[in-house]
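Number of protein chains: 2
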Amino acid sequence: MMRVKCIVSYDGTRFSGYQVQPNKRTIQGEIEEALCKIHKGQLIKIHASGRTDAYVHAIGQVFHFDTHLAIPAEKWPYALNSLLPEDIVILDASNVNHDFHSRYHATAKEYRYRIHQQKMENVFTRNYSLHYPYKLDLDAIKQACTHLCGTHDFTSFCVAKTVVEDKVRTINSIELIEDGSEIIFCFNGNGFLYNMVRILVGTLLDVGQGLIDAEDIPTILNGRDRSLSGKTVPGHGLYLWKVYYDN
Amino acid sequence: MMRVKCIVSYDGTRFSGYQVQPNKRTIQGEIEEALCKIHKGQLIKIHASGRTDAYVHAIGQVFHFDTHLAIPAEKWPYALNSLLPEDIVILDASNVNHDFHSRYHATAKEYRYRIHQQKMENVFTRNYSLHYPYKLDLDAIKQACTHLCGTHDFTSFCVAKTVVEDKVRTINSIELIEDGSEIIFCFNGNGFLYNMVRILVGTLLDVGQGLIDAEDIPTILNGRDRSLSGKTVPGHGLYLWKVYYDN
Chain A
0 MMRVKCIVSY DGTRFSGYQV QPNKRTIQGE IEEALCKIHK GQLIKIHASG
50 RTDAYVHAIG QVFHFDTHLA IPAEKWPYAL NSLLPEDIVI LDASNVNHDF
100 HSRYHATAKE YRYRIHQQKM ENVFTRNYSL HYPYKLDLDA IKQACTHLCG
150 THDFTSFCVA KTVVEDKVRT INSIELIEDG SEIIFCFNGN GFLYNMVRIL
200 VGTLLDVGQG LIDAEDIPTI LNGRDRSLSG KTVPGHGLYL WKVYYDN
Chain B
0 MMRVKCIVSY DGTRFSGYQV QPNKRTIQGE IEEALCKIHK GQLIKIHASG
50 RTDAYVHAIG QVFHFDTHLA IPAEKWPYAL NSLLPEDIVI LDASNVNHDF
100 HSRYHATAKE YRYRIHQQKM ENVFTRNYSL HYPYKLDLDA IKQACTHLCG
150 THDFTSFCVA KTVVEDKVRT INSIELIEDG SEIIFCFNGN GFLYNMVRIL
200 VGTLLDVGQG LIDAEDIPTI LNGRDRSLSG KTVPGHGLYL WKVYYDN
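See the structure below:
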């Protein structure tokens, strides 16, 4: 048996998210279907670094699977891409140790969120960047980011019904890239709770519009209450950018 | 009666081209349907600067129409966009003289063609940029461009069955923009024949790969024979970028 680690990119627009669901088009479902064909009907389960929601994109999602086929690692992207739909592309594959796990061994993740500030919606980015034509105070947003970085209990920044017990996470950095009429928020952290990036961005946009004061972020964190933070922004501006592993 | 000039952007991916055709989804068809609703069932014909083919995009296509409605020019984009599908956006509207014509008064047009040279297809640009992962000699391409610029008979660079009699056109400039793994060809000219930009790009790519010698371009032009030039590249990398008018 070989364990194969893959890096996959997908356009989330026409998917009901990453995870297999009955009668829904999902990224996991499409990849497992392609692997099943290559394995002549055998079900091959894949394990990803984490799920992504409907409409959410990936540049560098990671998954692994086990196979008895003696296909050289560098051939796997071509074998899979020839069977996958055009909105999923396997970018890279490598053989890894049998104890490697895409989810449990991830040491950090980077997510990005794109907004664009043109007056009119842009037909080319309508599924890839949130149209947000409102004036933003970027200095206030950057000030709020300094309060969010570090190790905190992020109960106020995840879906209220989240069942995971430990809601302490570390945000290593939040960077803002200004690119023409676009602003890209880059989050690097050791893990993210359900909807956490989308609530962080929604809260930062509220700060940028003066609806939330940057200096209130510590109070919002300490309150451990979802109703204290800002709105949840839509999925189509969000990208799972990179998953980090030790060496 | 008012004559209204509009600038429109569209994502050509899901259209059978600009021009109305029975039982096909077209840009002209969608815009005329929206105008018909605003005019309570009256057919309003629009006149564009020119047609675009299936899959071809527009950043700054121009059209005009006549109306008896007293809607201020700046309200037309909002009125139309509220009725148009999400892959067409009216960016601007203005009132113009009754003798203005989008097609006949255009003094120049800019088309752009995007290719990307990543090893693997990119899920986010698969409908917006031609995947062309082959090594290109950009100096040879630039040399070929100098031979194409100026006033020439472009019979060798349009569909063989083109019926228009005068195939003399002037290319004002061809610019290459290198942007990461993308190369963007920018053509500015006083007019372009059917498929001319796509054949120009196909020929320039052949030059870049050494299949055609840059110094043979004058011979290809003088031969006035479509079979002498290169391939026709697909529509999805092509953009009608801007239409120019006097003042």
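Protein sequences, first through last, are from chains A and B.
Letter 142 of the first sequence, counting from 1, is numbered 141 in numbering that gives the first Met the number 0, and no numbers are missing.
Letter 196 of the second sequence, counting from 1, is numbered 195 in numbering that gives the first Met the number 0, and no numbers are missing.
Where is the CB? At the ideal position from N, CA and C, for every residue including glycine.
Around the Cβ of residue 124 of chain B, are there at least 16 other Cβ atoms within 10 angstroms (buried) or fewer (exposed)? Locating residue 124 of chain B in the second sequence gives position 125, where the first residue counts as 1. Taking all protein chains in view, the Cβ of residue 124 of chain B is crowded by 16 or more other Cβ atoms within 10 Å, so the residue is classified as buried.
Based on Cα-Cα distance, which residue from B:146, B:232, B:132 and B:187 lies nearest to residue 215 of chain B? Here residue 215 of chain B corresponds to residue number 216 of the second sequence, with the count starting at 1. Nearest C-alpha to residue 215 of chain B among B:146, B:232, B:132 and B:187: B:146.
Under 9 Å, Cβ to Cβ, is there at least one residue of chain A near residue 200 of chain B? For this step, residue 200 of chain B is matched to residue 201 along the second sequence. At least 9 Å separates the CB of residue 200 of chain B from every CB of chain A.
Beta-carbon within less than 6 Å of residue 79 of chain A's beta-carbon, same chain only, minus the 5 sequence neighbours each way: which residues are those? The residue given as residue 79 of chain A occupies position 80 in the first sequence. Once the five neighbours on either side are set aside, the close Cβ partners of residue 79 of chain A are 33 and 89.
Nearest chain B C-beta to residue 14 of chain A closer than 9 Å, yes or no? For the purposes of this step, residue 14 of chain A is taken as the residue at position 15 of the first sequence. With 9 Å as the cut-off, residue 14 of chain A does not count as an interface residue toward chain B.
Note down, in chain order, every chain A residue with its Cβ under 8 Å from the Cβ of residue 90 of chain B. Within the second sequence, residue 90 of chain B is the residue found at index 91, counting from 1. Within 8 Å Cβ-Cβ: 119.
Please report how far the alpha carbon of residue 177 of chain A lies from the alpha carbon of residue 178 of chain B, in whole angstroms. By one-based count along the first sequence, residue 177 of chain A stands at place 178. By one-based count along the second sequence, residue 178 of chain B stands at place 179. Taking the straight line from one Cα to the other gives about 17 Å.
Return no unless some Cβ of chain A is closer than 9 Å to the Cβ of residue 62 of chain B. In the second sequence, counting from the first residue as 1, residue 62 of chain B sits at position 63. It does not; no Cβ of chain A falls within 9 Å.
Is the CB of residue 87 of chain B under 9 Å away from at least one CB in chain A? Sequence index remark: in the second sequence, residue 87 of chain B carries index 88 (1-based). True, the Cβ-Cβ gap to chain A drops below 9 Å.
Which residue spans inside the segment 54-128 of chain A form an unbroken beta strand (DSSP E) run of at least 3? As far as the segment 54-128 of chain A is concerned, its whole beta strand (DSSP E) runs of at least 3 residues are 56-66, 87-95 and 105-115.
Can residue 50 of chain A and residue 154 of chain A be called in contact, C-beta distance under 9 Å? For the purposes of this step, residue 50 of chain A is taken as residue 51 along the first sequence, with counting starting at 1. For the purposes of this step, residue 154 of chain A is taken as residue 155 along the first sequence, with counting starting at 1. No, these two residues do not count as a Cβ contact at 9 Å.
Within a Cβ cutoff of 6 Å, which residues of the same chain sit near residue 48 of chain A, ignoring the five residues on either side of it in sequence? For the purposes of this step, residue 48 of chain A is taken as residue 49 along the first sequence, with counting starting at 1. Excluding sequence neighbours, residue 48 of chain A sits near 61, 101, 102, 105 and 242.
Cβ of residue 123 of chain A within 9 Å of any chain B Cβ: Numbered from its first residue, the first sequence carries residue 123 of chain A at position 124. Answer yes: the Cβ-Cβ gap between residue 123 of chain A and chain B drops below 9 Å somewhere.
Does residue 235 of chain A get closer than 9 Å to chain B when you measure Cβ to Cβ? As a first step, residue 235 of chain A is located in the first sequence; it is residue number 236 there, counting from the start. Answer no: the Cβ-Cβ gap between residue 235 of chain A and chain B never drops below 9 Å.
Taking the alpha carbon of residue 25 of chain B as the reference point, which residue from B:42, B:55, B:2 and B:3 has its own alpha carbon closest? Walking along the second sequence from the start, residue 25 of chain B turns up at place 26. The candidate whose alpha carbon is nearest that of residue 25 of chain B is B:55.
With burial defined as no fewer than 16 other Cβ atoms inside 10 Å of the residue's Cβ, what is the status of residue 172 of chain B: buried or exposed? As a first step, residue 172 of chain B must be located in the second sequence, where it is residue number 173. Exposed: under 16 other Cβ atoms inside 10 Å.
Residue burial classification, residue 10 of chain B (beta-carbon count within 10 angstroms, cutoff 16): For the purposes of this step, residue 10 of chain B is identified with residue 11 of the second sequence, where counting begins at 1. Residue 10 of chain B counts as buried, since no fewer than 16 other beta carbons sit within 10 angstroms of its beta carbon.
Just confirm the distance between the C-beta atoms of residue 136 of chain A and residue 209 of chain A, as a whole number of angstroms; I'd bet it's less than 8 Å. If you number the first sequence from 1, residue 136 of chain A lands on position 137. If you number the first sequence from 1, residue 209 of chain A lands on position 210. Indeed they touch by this definition, with Cβ atoms about 7 Å apart.
Proximity test, Cβ basis, 9 Å: residue 48 of chain A and chain B: On the first sequence, position 49 is the one that residue 48 of chain A refers to. Cβ-Cβ to chain B under 9 Å: no for residue 48 of chain A.
Using 8 Å as the Cβ pair cut-off and three pairs as the minimum, do the segment 227-243 of chain B and the segment 34-44 of chain B touch? When C-beta atoms of the segment 227-243 of chain B are compared with those of the segment 34-44 of chain B, fewer than three pairs fall below 8 Å, so the two segments do not count as touching.
Can you check which of these residues, A:86, A:63 and A:161, is closest to residue 75 of chain A by C-alpha distance? As a first step, residue 75 of chain A must be located in the first sequence, where it is residue number 76. The option with the nearest alpha carbon to residue 75 of chain A is A:63.
Sheet register partners of residue 150 of chain A (DSSP bridge): One-based indexing of the first sequence puts residue 150 of chain A at position 151. Paired residues: A:169.
In chain A, which residues lie with their C-beta within 8 Å of the C-beta of residue 76 of chain B? On the second sequence, position 77 is the one that residue 76 of chain B refers to. Per Cβ cutoff of 8 Å: 119.
Quick one: give me the first and last residue of the beta strand (DSSP E) that residue 188 of chain A is part of. What you label residue 188 of chain A is simply residue 189 of the first sequence in a count that begins at 1. Run containing residue 188 of chain A: 181-188, per the beta strand (DSSP E) assignment.
Put residue 226 of chain B into one of helix, strand or coil per three-state DSSP. The residue given as residue 226 of chain B occupies position 227 in the second sequence. Residue 226 of chain B falls in the helix class under three-state DSSP.
Proximity of residue 189 of chain B and residue 174 of chain B at Cβ, strictly below 9 Å: Your numbering for residue 189 of chain B matches position 190 in the second sequence. Your numbering for residue 174 of chain B matches position 175 in the second sequence. No, the pair does not count as a contact, with Cβ atoms beyond the cut-off.
If you follow the alpha helix (DSSP H) that residue 204 of chain B is part of, which residue opens it and which one closes it? Position 205 of the second sequence, counting from 1, holds the residue named residue 204 of chain B. First-last of the alpha helix (DSSP H) with residue 204 of chain B: 195-207.
What is the DSSP secondary structure of residue 144 of chain A, reduced to helix, strand or coil? Along the first sequence, read from residue 1 onward, the residue named residue 144 of chain A stands at position 145. In the structure shown, residue 144 of chain A adopts helical secondary structure according to DSSP, grouped into three states.
When DSSP labels each residue in this structure, what does residue 47 of chain A get in the three-state scheme? The residue you call residue 47 of chain A lines up with position 48 of the first sequence. In this structure, residue 47 of chain A counts as strand in the three-state DSSP scheme.
Along chain B, which residues have their Cβ under 8 Å away from the Cβ of residue 9 of chain A? Residue mapping note: residue 9 of chain A aligns to position 10 of the first sequence, counting from 1. Here the neighbours are 122.
Assign residue 167 of chain A to buried or exposed, taking buried as 16 or more other Cβ atoms, counted over all protein chains shown, within 10 Å of its Cβ. Within the first sequence, the letter at position 168 stands for residue 167 of chain A. By the Cβ-count criterion, residue 167 of chain A is exposed, with fewer than 16 other Cβ atoms from all chains shown falling within 10 Å of its own Cβ.
How about residue 103 of chain A: is its C-beta nearer than 9 Å to some C-beta of chain E? The chain inventory of the structure shown lacks chain E, comprising the protein chains A and B.
If distances are taken between C-alpha atoms only, which option among A:19, A:3, A:158 and A:185 comes closest to residue 108 of chain A? Along the first sequence, one-based indexing puts residue 108 of chain A at 109. The candidate whose alpha carbon is nearest that of residue 108 of chain A is A:185.
Between residue 91 of chain A and the rest of its own chain, which residues show a CB-CB distance below 8 Å, the 5 nearest in sequence each way excluded? Within the first sequence, residue 91 of chain A is the residue found at index 92, counting from 1. These residues qualify, in order along the chain: 5, 6 and 76.
Of all the options A:198, A:161 and A:151, which has the alpha carbon lying nearest to the alpha carbon of residue 220 of chain A? If you number the first sequence from 1, residue 220 of chain A lands on position 221. Comparing alpha-carbon positions, the option among A:198, A:161 and A:151 lying closest to residue 220 of chain A turns out to be A:151.
Endpoints, alpha helix (DSSP H) assigned at residue 36 of chain B: Within the second sequence, numbered from 1, the residue matching residue 36 of chain B stands at position 37. For residue 36 of chain B, the enclosing alpha helix (DSSP H) begins and ends at 26-37.
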